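Structure first, commentary second.
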Amino acid sequence: EPEVTQTPSHQVTQMGQEVILRCVPISNHLYFYWYRQILGQKVEFLVSFYNNEISEKSEIFDDQFSVERPDGSNFTLKIRSTKLEDSAMYFCASSEALAGREAFFGQGTRLTVV
Amino acid sequence: TQLLEQSPQFLSIQEGENLTVYCNSSSVFSSLQWYRQEPGEGPVLLVTVVTGGEVKKLKRLTFQFGDARKDSSLHITAAQPGDTGLYLCAGAGNNDMRFGAGTRLTVKP
Chain A
314 EPEVTQTPSH QVTQMGQEVI LRCVPISNHL YFYWYRQILG QKVEFLVSFY
364 NNEISEKSEI FDDQFSVERP DGSNFTLKIR STKLEDSAMY FCASSEALAG
414 REAFFGQGTR LTVV
Chain B
15 TQLLEQSPQF LSIQEGENLT VYCNSSSVFS SLQWYRQEPG EGPVLLVTVV
65 TGGEVKKLKR LTFQFGDARK DSSLHITAAQ PGDTGLYLCA GAGNNDMRFG
115 AGTRLTVKP
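Chains as they are written, first to last, in the numbering used here: chain A, 314 to 427; chain B, 15 to 123.
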């Protein structure tokens, strides 16, 4: 069964460093998303991406965040200068057709900023 | 920002009992999804409801979308310990999908 895959599963980085989280969405899906979940808290929307551009972003997605689809399969989230409060699970998701509907999630990347 | 309120936040019941959890908003959604999340894993899609008043069944789980497409409920019949988990609702906007905080269900044997 097709699935969204994310790498790495766990990343530890020093404060101020740049990190890139990688995702391979389901192949025929058109919409891609990043979400964040701080430990014990709710799943928070970061950004949606369609047709090689950002469709919508939340107030969390500030200038230190960027997304890219560098080739036909990967979808990346870059955090330019990590802060302690960026420590969280980051989930990638994709959906086939209509935006925001029936998104399938990856297993997440646990980011720890020290 | 479309805000989804889920209630109750926590629910602990005995095996065999029935339960209902709620997802409410002041906003209208084009669709609403229910997910289940296990610790350390990504949310897993259970169902999507699209039409106001729609009812969908998934074995012992019954999902209903409110007539005005602002709220939804999840009813579990004869709960089992395997139903234990975090149940999340998520409403679809034009280009995004926002989650409620979830209901953490514990079913004791």
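Note that CB positions come from ideal geometry on N, CA and C, so glycine has one too.
Model, not experiment: these values are computed from the prediction.
Beta-carbon spacing of residue i, residue j below 8 Å
i, j, result
"F345/A", "S407/A", "yes"
"I373/A", "R335/A", "no"
"C103/B", "L17/B", "no"
"Q20/B", "T120/B", "no"
"V317/A", "G419/A", "yes"
"T34/B", "S86/B", "no"
"F77/B", "V61/B", "yes"
"H342/A", "E409/A", "yes"
6 Å Cβ shell around residue i - same chain, five flanking residues per side excluded
i, result
"E55/B", "none"
"L75/B", "I90"
"M402/A", "Q350, G421, R423"
"N32/B", "T91"
"G30/B", "A92"
"K370/A", "V360"
"V64/B", "S45"
"V69/B", "Q78"
Whole-angstrom distance between residue j and residue i, CA atom to CA atom
i, j, result
"D376/A", "E415/A", "28 Å"
"A134/B", "N38/B", "There is simply no residue 134/B to check, as chain B begins at 15 and stops at 123 in what is shown."
"L46/B", "A106/B", "6 Å"
"G80/B", "Y363/A", "29 Å"
"S400/A", "F358/A", "15 Å"
"F43/B", "G114/B", "13 Å"
"K84/B", "Q354/A", "23 Å"
"D110/B", "W48/B", "15 Å"
"V94/B", "D384/A", "Here residue 94/B turns out to be Gln, not Val, going by the sequence shown. Taking the straight line joining both Cα atoms gives about 45 Å."
Spatial neighbours of residue i in its chain, beta-carbon cut-off 7 Å, leaving aside the 5 residues before and after
i, result
"E52/B", "G99"
"P321/A", "T422"
"K396/A", "M328, V426"
"Q330/A", "T395"
"G66/B", "F79, G80, D81, A82, R83"
"D97/B", "I90, L119, V121"
Run of the beta strand (DSSP E) containing residue i, from where it starts to where it stops
i, result
"L397/A", "No beta strand (DSSP E) holds L397/A; DSSP gives it neither H nor E."
"V317/A", "From DSSP, V317/A is part of no beta strand (DSSP E); its letter is neither H nor E."
"T65/B", "From DSSP, T65/B is part of no beta strand (DSSP E); its letter is neither H nor E."
"T34/B", "33-38"
"V356/A", "First-last for V356/A: undefined, no H or E at that position."
"V182/B", "Outside the displayed span of chain B (15 to 123) sits residue 182/B, for which this structure offers no information."
"L25/B", "24-28"
"D85/B", "85-90"
"E381/A", "378-381"
"T117/B", "117-122"
"S386/A", "Neither: S386/A is in no beta strand (DSSP E) and is coded neither H nor E."
"Q47/B", "45-51"
Neighbourhood of residue i by C-beta distance below 8 Å, restricted to the same chain and skipping five residues each side
i, result
"V356/A", "Y348, R349, Q350, F404"
"I367/A", "V360, S361, V380"
"R50/B", "P57, V58, L60, G99, L100, Y101, L102"
"R382/A", "F345, F362, N365, F388, T389"
inquiry  = Assess contact between the region 21-32 of chain B and the region 387-406 of chain A, defined as three or more Cβ pairs (one per stretch) separated by less than 8 Å. Is contact present?
reply    = no
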